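Quick note on numbering: the sequence shown equals residues -20 to -1, 1 to 627 in mature numbering (1 follows the signal peptide of the UniProt record, and there is no 0).
Positions of the beta carbon are idealized from the N, C-alpha and C atoms, including for glycine.
Computed from a predicted model, the values in this text were never measured in an experiment.
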Amino acid sequence: MKVKSLLSLGMLLTASLAISQTQSEVAEIKQLQNTNKLEILSQATDKLEAKKLEIIKKANQKGLEINQIINGKLHTIVDFYQGKPVYQTAHNIDASISTRANFLWQGGNMGLNIEGQNMIVGVWDEQRVKDDHVEFMNGSGSRIILGDSNIFNEDEFGDHGTHVGGTIAAAGVNEDAKGAAPQSTIVTYTWDQDFNEVQDEANDNGLLISNHSYGVPVFNNNGSANAPTWMMGNYSSQARAWDLLSNTFPYYLMVVSAGNDGGSNYSGGLKNGFDKLTHEKNGKNNLIVGNAQDASVDAQSGELTFPAFINSSSSQGPTDDGRIKPDVVGNGTNVISPVTTSQSSYATFSGTSMAAPNVAGTLILLQQYYNQEKGNYMLSSTLKALAIHTADDLGNTGPDAKYGWGLVNAKKAVELIQDTDTDVTRIEEIDLANQETFTFNVKKEISKDLEVTIVWNDPAGTSRDGILNDPTPVLVNDLDLRIKRVSNSETFLPWRLDLANVAANAVKDDNIVDNVENIIVDASDSEIYEVTISHKGNLNNPQKVSLIVSGVEYTTLATQDIEVDVSNINVWPNPVNNQLNITGTEAFEGQVQVNVYDISGRLVLSSDKDTASQNSIQMNTSSLTTGTYFVKITDGQTSLNKKIIKE
């Protein structure tokens, strides 16, 4: 293998985009779309459309309406199994406190004003969001854009969809109903053509996040089986299709409710009480959200003062091949939000349908903040990595099939972004080519856990429709994350679930199923650790990898670039302004090479001087911008690597 060091860690009118991402930002996102995947995605779309026509034909033959109101809820026939219809159905202030979104708002204790201004979230649901509700109105009209143009009743809005939209974007006219992103804009569609419409929004308008609080439940309202047993945990054609869409639009993240079958049991699953996720909920590149109850949060620190417990109705994973699902949890219990009874009516709902928009609204704030600070948006894999890396671990130690990686924590995520300016955290998007290995070193912060997370947008795998509990990994590009303590070569491995006992604690081992790998080193030391990202087999194309590192004093370029303090050489002042001085207690011998590297490993200054009989070197640093640098000094006696700060 080649080894190298890690050097750098359409239905919306154009006029509507004035309230969304800027035209230049949309153009940049579109430019980075994976256009060579469009033909494959088109083929998947055609297959889904053909399947839909087949279902409509069969429903007509049986005299069944595709859309039916059952017990006051919309049910849509999405398949037939053994001659019976399979139905799809719909599955804030407290919610925003639970995910710490309120810390980012104006008046929050982080000193920010991140409320979703100029950001847009897509909402697909059984019916559309009520656009004239008081919670969505501002001085220039409504913040709700009606995306559908061909639904059976264009004037019909739904309580469920409106509640979901409010959990994301309610302004807080009723303070208890304030959404996670109270100044964001919602584009709202019904679920009938969700796959096609999401493509259009991502392709034409650079959609970053959409929410889908619906799916195929395990059981119907009357307690009878709704889905065939093979469907639970299965990587179906629908899951594959959504992965293809994610491959094509790498900035787009689909946020999906896990479902509300947590209290149900059926025969034939991986384990009683688990394995209840269907269709798109078993995809690799989306974000599946479980439902936690209200969290008790310290108003100043944002730390949990009491753990948030899972709602017993929240559907459990994992997938049939043992992938960690759900990914995270949000607060979906007793959430107050707008409904359609009037322009100022509200209701309290519970379910993963509320947890998903709580998370979707929180994540759009993180995209807004990152773009504000860094000048670009995160890849969806980076946003997912950030959410997972900073989540509060709940339930079993490590990830599990109920809470996933834990409760989303927006405050901690923003702090991690802020810390990248001081080099104690890293957020990077790197390219891993076939047969390449990325290696870099970190010096661990003694008072903190060293934590490294990688996430990648994995190519769509082979669908497994009709196969029960197939453990064959659907992972296409099997990447590996490892951390090694340099002093004794002890190696640390990532988390994975034990497929033989999905209820047990996760284990630390080689992970061959997840496109998320996370390692935590909790030793109380301040040693040097080597981080390696590699892969098994072959990569058909370079794989973009999202990398997050925290709990370090700094990162370095390679093993030989670890900071070494040598008593007979002094580098000063530090921080430096316009001149850096390098002095020795004795005269240097012959040629002295001084190289200055920026934090991404780029050589920015170099000096090669004959300093025989001299013990002092001056280097002009006025051309350096403010930031962190590494100075490497080599003479005939010794070599010194020193971290400096340029003011």
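Inter-residue CB distance, residue i and residue j (contact presumed, cutoff 8 Å)
i    : j    : result
S190 : V101 : 7 Å
L430 : Y509 : 6 Å
R123 : A149 : 6 Å
G239 : K261 : 7 Å
S217 : S22  : That belief does not hold up - the Cβ atoms of S217 and S22 are roughly 15 Å apart, past 8 Å.
A161 : I344 : 5 Å
P306 : G331 : So it is not a contact: roughly 13 Å between Cβ atoms.
Y349 : V394 : 6 Å
V66  : V196 : 6 Å
L387 : A288 : 5 Å
T79  : N498 : Contact flag wrong, Cβ pair sits at about 19 Å.
N449 : L250 : 6 Å
Q280 : N89  : 6 Å
S204 : L257 : The Cβ separation is near 20 Å, so there is no contact.
Beta-carbon spacing of residue i, residue j below 9 Å
i           : j    : result
N265        : N437 : yes
K516        : I410 : no
K423        : V532 : yes
E29         : N176 : yes
A157        : I316 : yes
G312        : A327 : no
V496        : F472 : no
residue 628 : L455 : The requested residue 628 does not occur in the structure, where the chain is confined to residues -20 to 627.
G159        : G341 : yes
L479        : I304 : no
D111        : I125 : yes
T614        : I528 : no
D223        : A367 : no
K17         : T362 : no
I35         : D74  : no
V308        : V339 : yes
G87         : Q163 : no
G213        : I290 : no
L233        : V178 : no
Spatial neighbours of residue i in its chain, beta-carbon cut-off 6 Å, leaving aside the 5 residues before and after
i    : result
S587 : V574 and M599
I492 : P453 and D458
I9   : G186 and Y231
V584 : V576 and D578
S293 : N240, G242 and G243
H369 : T433 and I528
G138 : E106 and Q107
N351 : Y357
L92  : L84
First through last residue of the beta strand (DSSP E) which encompasses residue i
i    : result
T26  : Here residue 26 turns out to be Asp, not Thr, going by the sequence shown. From DSSP, D26 is part of no beta strand (DSSP E) but of the alpha helix (DSSP H) over L18 to Q41.
A327 : Y326 to F329
S294 : Note, S294: premise wrong, no beta strand (DSSP E); not H, not E.
F83  : Here F83 belongs to no beta strand (DSSP E), and DSSP marks it neither H nor E.
H192 : I189 to H192
Same chain only: Cβ atoms within 7 Å of residue i, ignoring 5 sequence neighbours per side
i    : result
G446 : W210
Q540 : Any reading at Q540 is ruled out, since the residue's pLDDT is 40, under 50, leaving its predicted position unreliable.
S602 : N558
F286 : S276
D399 : T405
I46  : I36, A39, T56 and I57
S324 : V114
D489 : L473 and R476
Sequence-distant residues of the same chain with beta carbon closer than 8 Å to residue i, five excluded per side
i     : result
I426  : S504, D505 and S506
S247  : T209
T(-7) : Model confidence at T(-7) stands at a pLDDT of 31, short of 50, so the residue's coordinates are unreliable and nothing is read from them.
E543  : The predicted position of E543 is uncertain, since its pLDDT is 44 and thus under 50; a value taken from the coordinates is nonetheless stated next. Taken in chain order, the residues that qualify are K423, Y534, T536, F610, N621, K622 and K623.
E627  : P555, V556, N557 and T606
Unbroken alpha helix (DSSP H) run spanning residue i, endpoints
i    : result
H369 : S360 to H369
T332 : T332 to K354
D184 : D174 to N185
K10  : Q3 to Q11
S469 : That residue, S469, is in no alpha helix (DSSP H); it is neither H nor E in DSSP.
N575 : Looking at the DSSP string, N575 is not in any alpha helix (DSSP H); the run it does join, the beta strand (DSSP E), is Q571 to D578.
Q97  : Run containing Q97: none; DSSP gives neither H nor E here.
E600 : It should be pointed out that residue 600 corresponds to Asn in this sequence rather than to Glu. First-last for N600: S596 to N600, but that is the beta strand (DSSP E), not the alpha helix (DSSP H).
W552 : Here W552 belongs to no alpha helix (DSSP H); instead the beta strand (DSSP E) covers I549 to W552.
T228 : S217 to T228
Test: residue i CB closer than 9 Å to a CB of chain B
i    : result
N554 : You won't find chain B in this structure, because it holds only one protein chain.
Beta strand (DSSP E) runs wholly inside the segment 390 to 453, at least 3 long, in chain order: 405 to 412, 416 to 424 and 430 to 436
Note down, one range per segment and in chain order, each alpha helix (DSSP H) of at least 4 residues found wholly within the segment 110 to 169. 139 to 149
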